[in-house]
Amino acid sequence: MTHDGSNVRLNGILDWVYQEELYGRGNFTGHWWSPDGRYLAYLQIDQSQVPEYLIVNGDGVSQTIERTRYPKAGQPMASVAVRVIDIDAGNDRQIDLGDWPANDRLIGRVSWSPQNQLVLQVLNRVQNRQELLVIDPETSQRQSLLIEQTDGFLEIRGTPEFLSNGDFLWLSDL
């Protein structure tokens, strides 16, 4: 469905940092279908600016060397974009995340509301500010549901639970 993926540009697949630190060890899934099956949201992770390190893998009889991109503190991290494919229309577009710069944002969670709205949890790199965004996949219109900020660290606690009346439940450290 995408044609621009490479070793440094991942489409719909999480890199090591995202699967290890944000979505859970071993979970490389970076794409999510809308409830009605019309839209496919996915993360596009560009690792081209992330430093590469050599890792010796001692598993098994002989050692192998692996190249791994890892952003140490103060080094560039992968830039991430959220894209949505409209299956019916056949188009693929990037979602405008407003004031969240690509080189200082984490997409902590992606989900869909029962009303077929894309739901994003966006955090800054130090994870002391987060915003819950709802995006109309047809128009890309963005609405902020909440913003949390602290002097400490915000833990990712899952996705909102939407109620039939449109309200939602949100688990928070604050």
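If you count by the numbering used here, then the sequence shown holds residues 15 to 188, one letter each, in order.
Backbone N, C-alpha and C fix where the C-beta goes; we use that ideal spot for every residue, glycine too.
Remember, it's a predicted structure, so these values are computed and weren't measured experimentally.
In whole angstroms, give me the CA-to-CA distance for Asp102 and Arg52. Taking the first residue of the sequence shown as 1, we reach residue 102 at position 88. Taking the first residue of the sequence shown as 1, we reach residue 52 at position 38. Roughly 6 Å between the two C-alpha positions.
Less than 8 Å separating the beta-carbons of Leu28 and Thr16? To locate residue 28, count along the sequence shown from 1; it is residue 14. To locate residue 16, count along the sequence shown from 1; it is residue 2. Taking 8 Å as the Cβ cut-off, Leu28 and Thr16 do not qualify as a contacting pair.
Assign Val75 to buried or exposed, taking buried as 16 or more other Cβ atoms, counted over all protein chains shown, within 10 Å of its Cβ. To locate residue 75, count along the sequence shown from 1; it is residue 61. Counting Cβ neighbours within 10 Å, Val75 comes out exposed, since fewer than 16 surround it.
Give a yes or no on contact between the stretch 75–92 and the stretch 123–138, applying the rule of three or more CB pairs nearer than 8 Å. no
Give the secondary structure of Glu152 by DSSP, where H, G and I count as helix, E and B as strand, and everything else as coil. Counting from one through the sequence shown, the residue named residue 152 turns up at place 138. Glu152: coil per DSSP, three-state reduction.
Measuring straight from C-alpha to C-alpha, what distance separates Val148 and Thr173? Walking along the sequence shown from the start, residue 148 turns up at place 134. Walking along the sequence shown from the start, residue 173 turns up at place 159. Cα to Cα, Val148 sits roughly 12 Å from Thr173.
Under the DSSP definition of a beta bridge, which residues are partnered with Glu66? Position 52 of the sequence shown holds residue 66. Paired residues: Arg83.
From Gln77 to Asn71, what does the alpha carbon distance come to, in whole angstroms? Along the sequence shown, read from residue 1 onward, the residue named residue 77 stands at position 63. Along the sequence shown, read from residue 1 onward, the residue named residue 71 stands at position 57. Distance between the alpha carbons of Gln77 and Asn71: 6 Å.
Residue burial classification, Ile121 (beta-carbon count within 10 angstroms, cutoff 16): Your numbering for residue 121 matches position 107 in the sequence shown. Buried.
Distance CB(Val98)-CB(Arg119) smaller than 8 Å: Here residue 98 refers to the residue found at position 84 of the sequence shown. Here residue 119 refers to the residue found at position 105 of the sequence shown. No, the Cβ-Cβ distance between Val98 and Arg119 is not below 8 Å.
Taking its Cβ as the centre, do 16 or more other Cβ atoms sit within 10 Å of Gly26, making it buried, or is it exposed? Translated into the one-based positions of the sequence shown, residue 26 becomes position 12. Answer is buried; the Cβ neighbour count reaches 16.
Secondary structure at Asp60, three-state DSSP: helix, strand or coil? As a working note, residue 60 is residue 46 in the sequence shown. If DSSP states are grouped into helix, strand and coil, Asp60 belongs with the strands.
Starting from the C-beta of Arg123, find all residues in its chain whose C-beta is less than 6 Å away, skip the five residues before and the five after it, and write them out in chain order. In the sequence shown, counting from the first residue as 1, residue 123 sits at position 109. Once the five neighbours on either side are set aside, the close Cβ partners of Arg123 are Gln135, Thr173.
Suppose you measure from the CA of Asp150 to the CA of Val96; what does that come to, to the nearest Å? Residue numbering aside, residue 150 sits at position 136 when the sequence shown is read from its first letter. Residue numbering aside, residue 96 sits at position 82 when the sequence shown is read from its first letter. C-alpha separation (whole angstroms): 13 Å.
So, is Leu160 buried or exposed, given that buried needs 16 or more other C-beta atoms within 10 angstroms? Translated into positions along the sequence shown, residue 160 becomes position 146. Looking at its Cβ environment, which holds fewer than 16 other Cβ atoms inside 10 Å, Leu160 is exposed.
According to DSSP, which residues form a beta bridge with Trp126? Position 112 of the sequence shown, counted from the first residue, corresponds to residue 126. Beta-bridge pairing links Trp126 to Leu132.
Any idea if Arg107 is buried or exposed, counting beta-carbon neighbours within 10 angstroms, 16 or more meaning buried? Position 93 of the sequence shown, counted from the first residue, corresponds to residue 107. Exposed, since its Cβ has fewer than 16 Cβ neighbours within 10 Å.
Applying the criterion that 16 or more other CB atoms from any shown protein chain within 10 Å of the CB defines a buried residue, is Gln64 buried or exposed? Within the sequence shown, numbered from 1, the residue matching residue 64 stands at position 50. Position check: residue 64 holds Val in this sequence, whereas Gln was assumed. Val64 comes out buried.
Please report the straight-line C-alpha distance between Ile69 and Asn41, rounded to a whole angstrom. Counting from one through the sequence shown, the residue named residue 69 turns up at place 55. Counting from one through the sequence shown, the residue named residue 41 turns up at place 27. Roughly 21 Å separates the two Cα atoms.
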